[in-house]
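Below is one structure; the comments refer to it alone.
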Amino acid sequence: MDSIYNSVIEALIFASDDPIPPSDIITAIKALDGPDTEITEEDVENSVDELNRKYEQNGNAFTILKIAHGFIHATKPDHSKYVGYLSTEKTKRKLSQAALETLAIIAYKQPLTKPELESIRGVNSDYTLNTLLEKNLVTISGRAETVGRPLLYVTTDEFLKYFGLRTINDLPKPREIEEIMKDEDFLEQKRRIMMSGMEEKAEAELEEETQNELEMDSELQSESEMNDEDQIE
Amino acid sequence: MDSIYNSVIEALIFASDDPIPPSDIITAIKALDGPDTEITEEDVENSVDELNRKYEQNGNAFTILKIAHGFIHATKPDHSKYVGYLSTEKTKRKLSQAALETLAIIAYKQPLTKPELESIRGVNSDYTLNTLLEKNLVTISGRAETVGRPLLYVTTDEFLKYFGLRTINDLPKPREIEEIMKDEDFLEQKRRIMMSGMEEKAEAELEEETQNELEMDSELQSESEMNDEDQIE
Amino acid sequence: MYRIRLHEFEGPLDLLLFFIKRDELDIYDIPISRITKEFITYLHLLEQLDLEVAGDFILMAATLMQIKVKMLLPKELDEKGEEIDPRADLVKALLEYKRYKEMSEEMSLMESNMRKYNYRGNLDQDPKETLNDYEVLLKNITIYDLIKAFKKALLDRPAEPVHQIKKWNVTIDEQMTYISTRISEKGSVSFLELMIEMRDRIRIVVTFIAMLEMVKAGTIGLRESVTLNDFVIYGLNNG
């Protein structure tokens, strides 16, 4: 097999989401370079070994693993603590969906109690609520006047600062949310409805103004003089 | 900086699914090897350059891109056809002209409001904006201090990644109005029509019926005899 | 001759630029009658083809007509006593639009270029030590994420298990009593919250009627809620 395929094989393994079987690699190469391309599963196997030798020689931080009937790239275990640190940081960094949801509900419905929050979310929210309190994104503003006098939760100035809002009233209004998040069909439909209304109105006005000087119908019969030079295709 | 970190840096970039900023690399290294570890953003940058030199030398199929404020491994364009053949991810659609236009305006004028955007485009942009928000290419950054306090839109890191930019300042400079004014050729317009014709080949079938109609009727004429009456001082 | 695909034009400015390019017109001295005529012809063409003419195009047609009229009238003067060209705003808009349109073409090339790069798959395979101090931190979360989460929370709102014996024959009186009870708990109750407890449609309808009856009788009041599509029902003292 031509060794130029080493690089192609490397690219295919690198970009594959799942362990890629040698047969898939061969399929791709034959599809693009012709069915007569000479390449066997053994060739692929040899390429992978050669790539791994090169990684070793060059001190690369990764290697190709042979698992589940296929090949995948992975970083070497030597650096696993760095990689682990980073992925932990990443989970930390993304406000988890649960926390985000909780925060959103408090932002819009504040002040509200934990039972109210939980009735909307449908799950126990002790943990997320505590995290948000710890992060100073929400705080306790007092007690509700209802039975049991549960604590009331509100968002903090830290929350406003983070989202670049001056006051809590600056949060997108339900109407604006609707406008932004409308599903596509609905949006198109609305656009259409609005426009057909405008169309009629504007048209009537236009017609009136222009009828005398512009004779549309006769002008639609197009002239031919300058057309040739403009031809596209 | 100790060059043993080349390998750690390589591992961290290799294991990250989004462009990893140099600051994160430094954070990870200092967290695990002690806060006194001597490593600067410049060191990281140099390591990346060295790694790329090695990939080039060794004929690796990938390289490290410097985009979206960070570093990420990617296959070299040479093998894109092979990878594209196997990957479904890469068959995703390109952005529409409307989306590109809207993105360009937001990218250069950010933060800006929807009315500002629409006044430049001259068309309602609800639908396009919604699509861009969903694709995480733009997001909401707060509210303008102007009357009605409309929402402000900005581009995201995903935008930078999508277009291969390291920072928003890497966007090509738009031409000055004076230059545009001097521009007399209209090749680009033709090119656009031809290009989009090619791109939309797939859609063409769907539109075939309409298309035929249009070709018959849309011969827009432009007469020269009208010119005289137009010279109004 | 030109075969114009109607979808090619992103808007009225785009169409005007097309006319200007095609006929090599001076953008600073646009023959306004001519271009208005062309523009309107195009709109009528759309109509003839039974295609929807967008409102933005109609608006531009009206603007062009207005400029045309102004061209015929004595020119207005600015503070310095210089004549104001009625076309000035249009020209400015055209140039600005063109500027970004050019950049969008540039960006289209960048997009094509980036599509040739492929990022790494199977990242999960990398060996990593897990560190267990999970905590939540905000970064890269925007208002948009927040409102998306809010909308999702409302959509996913679970149907709460109702701890009451199901009665199929619901009466308005019963539901009026029920609403009163609910209000007396907290002073008010959200309409959605009230409805979400109803499993069957009849109960919802009857409750709704009961609610209207109570509003009419002045025993309860309704006010807008911060939540979309919801309102708050609260008790009135005279009730």
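Protein sequences, first through last, are from chains A, B and C. Residue numbering for the first sequence follows the working numbering, starting at 1 and increasing by one per position. Residue numbering for the second sequence follows the working numbering, starting at 234 and increasing by one per position. Residue numbering for the third sequence follows the working numbering, starting at 467 and increasing by one per position. Glycine is no exception: its CB is placed at the ideal position from the N, C-alpha and C atoms.
Please classify residue i as buried or exposed, where buried requires at least 16 neighbouring CB atoms within 10 angstroms.
| i | result |
| --- | --- |
| Asp126/A | exposed |
| Tyr558/C | As written in the sequence, residue 558/C is Lys, which differs from the Tyr given in the question. Lys558/C should be labelled exposed. |
| Asp157/A | exposed |
| Asp522/C | buried |
| Gly34/A | exposed |
| Ala248/B | buried |
| Gly701/C | buried |
| Tyr494/C | exposed |
| Ala68/A | exposed |
| Pro174/A | buried |
| Gln330/B | buried |
| Ala615/C | buried |
Return the CA-CA distance between residue i and residue j, expressed in angstroms with no decimal places.
| i | j | result |
| --- | --- | --- |
| Ala99/A | Lys90/A | 15 Å |
| Ala337/B | Asn285/B | 31 Å |
| Ile550/C | Ile496/C | 15 Å |
| Gly84/A | Ser352/B | 48 Å |
| Thr372/B | Ile609/C | 8 Å |
| Pro478/C | Gly355/B | 7 Å |
| Thr374/B | Asp170/A | The sequence given here has Ser at residue 374/B, not Thr. Those two C-alpha atoms are separated by around 11 Å. |
| Met234/B | Leu32/A | Because Met234/B carries a pLDDT of 48, less than 50, the predicted location of this residue cannot be relied on, and the following value inherits that uncertainty. Near 45 Å, if we compare the C-alpha coordinates of Leu32/A and Met234/B. |
| Leu481/C | Glu504/C | 10 Å |
| Phe163/A | Glu134/A | 18 Å |
| Pro383/B | Ala377/B | 6 Å |
| Arg166/A | Thr155/A | 13 Å |
| Leu385/B | Lys394/B | 21 Å |
| Pro252/B | Val535/C | 56 Å |
| Gly684/C | Ala676/C | 12 Å |
| Val707/C | Leu688/C | Since the first and last residues shown for chain C are 467 and 705, residue 707/C lies out of range. |
| Ile613/C | Phe674/C | 29 Å |
| Met464/C | Pro552/C | The question about residue 464/C has no answer here: the residues shown for chain C are numbered 467 through 705. |
| Thr260/B | Lys287/B | 25 Å |
| Glu412/B | Glu568/C | 12 Å |
| Thr364/B | Thr102/A | 25 Å |
| Asn136/A | Leu129/A | 10 Å |
| Val698/C | Ser570/C | 48 Å |
| Gln110/A | Ile177/A | 18 Å |
| Ala527/C | Glu562/C | 19 Å |
| Thr40/A | Tyr5/A | 12 Å |
Taking a contact to mean a Cβ-Cβ separation below 7 Å, would you say residue i touches residue j in this structure?
| i | j | result |
| --- | --- | --- |
| Ser240/B | Ala74/A | no |
| Asp696/C | Ser656/C | yes |
| Val277/B | Pro310/B | no |
| Phe485/C | Ile506/C | no |
| His312/B | Ala11/A | yes |
| Asp17/A | Asn588/C | yes |
| Ile72/A | Gln591/C | yes |
| Thr146/A | Lys652/C | yes |
| Lys564/C | Leu491/C | no |
| Met661/C | Ile670/C | yes |
| Asn291/B | Asn58/A | yes |
| Val281/B | Ile262/B | no |
Please list the partners that residue i has in chain C, where partner means a Cβ-to-Cβ separation under 8 Å.
| i | result |
| --- | --- |
| Asp17/A | Gly587, Asn588 |
| Phe304/B | Within chain C, no residue comes near Phe304/B; the closest Cβ sits about 12 Å away, beyond 8 Å. |
Note down, in chain order, every chain B residue with its Cβ under 8 Å from the Cβ of residue i.
| i | result |
| --- | --- |
| Tyr82/A | Val241, Ala244, Leu245, Ala261, Ile262, Leu265 |
| Asp170/A | Gly375, Arg376, Arg382 |
| Ala615/C | By Cβ distance, chain B contributes nothing, its closest Cβ being about 13 Å from Ala615/C, past 8 Å. |
Could you tell me which residues DSSP puts in a beta bridge with residue i?
| i | result |
| --- | --- |
| Tyr700/C | Ser654/C, Gly687/C |
| Gly142/A | Leu152/A |
| Gly303/B | Ile300/B |
| Ile20/A | Phe71/A |
| Phe62/A | Thr75/A |
| Tyr585/C | Ala307/B |
| Thr346/B | Leu385/B |
| Leu278/A | Limits of chain A in this structure are 1 at one end and 233 at the other, which puts residue 278/A out of reach. |
| Glu283/B | DSSP lists no partner for Glu283/B. |
| Glu562/C | Answer by DSSP bridge pairing: none, since Glu562/C is not bridged. |
| Glu178/A | DSSP lists no partner for Glu178/A. |
Can you pull the chain B residues whose beta carbon is under 7 Å from the beta carbon of residue i, in chain order?
| i | result |
| --- | --- |
| Asn52/A | Result: empty, since nearest Cβ-Cβ is about 13 Å, beyond 7 Å. |
Against residue i, what residues of chain C qualify as contacts under a CB-to-CB distance less than 7 Å, listed in chain order?
| i | result |
| --- | --- |
| Thr372/B | Thr608, Tyr610 |
Quick one: which chain A residues come within Cβ less than 7 Å of residue i?
| i | result |
| --- | --- |
| Ala619/C | Glu101, Ala104, Ile105, Ile120, Arg121 |
| Gly397/B | Going along chain A, no residue has its Cβ under 7 Å from Gly397/B, so there is no contact; the nearest lies around 17 Å. |
| Asn584/C | Ala15 |
| Asp592/C | Ala74, Thr75, Val83 |
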